[in-house]
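Colleague: Numbering (our numbering), first residue to last: 8 to 62. For each residue, glycine too, the CB sits at the ideal point set by N, CA and C. Let me begin by handing over the structure; questions about it come next.
Written out as structure tokens, the structure is:
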């Protein structure tokens, strides 16, 4: 099961950190961050085209 399929709302902080192979004190190393950026892309929402109904 990929990390994206797991429900982290039901996990403890420790389980989540372990699943994500991170470090609570240090976070990700620079190399880990580069690898994840390459694998998963930027952490952002896709932009929708079109006009807002409030415009």
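Out of curiosity, what's the CA-to-CA distance linking residue 20 and residue 34?
Modeller: So the two alpha carbons sit approximately 13 angstroms from each other.
Colleague: Under 8 angstroms by Cβ, that's how I've got residue 31 and residue 24 pegged, so tell me the actual separation to the nearest angstrom.
Modeller: Between residue 24 and residue 31 the Cβ distance is about 5 angstroms, and since that is below 8 angstroms, they are a contact.
Colleague: What number of angstroms, rounded off, separates the C-alpha of residue 13 from the C-alpha of residue 54?
Modeller: C-alpha separation (whole angstroms): 25 angstroms.
Colleague: Between which two residues does the alpha helix (DSSP H) carrying residue 38 extend?
Modeller: Its alpha helix (DSSP H) spans residues 37-47.
Colleague: Under a three-way DSSP split, which group does residue 31 fall into?
Modeller: The answer is coil: DSSP assigns residue 31 none of H, G, I, E or B.
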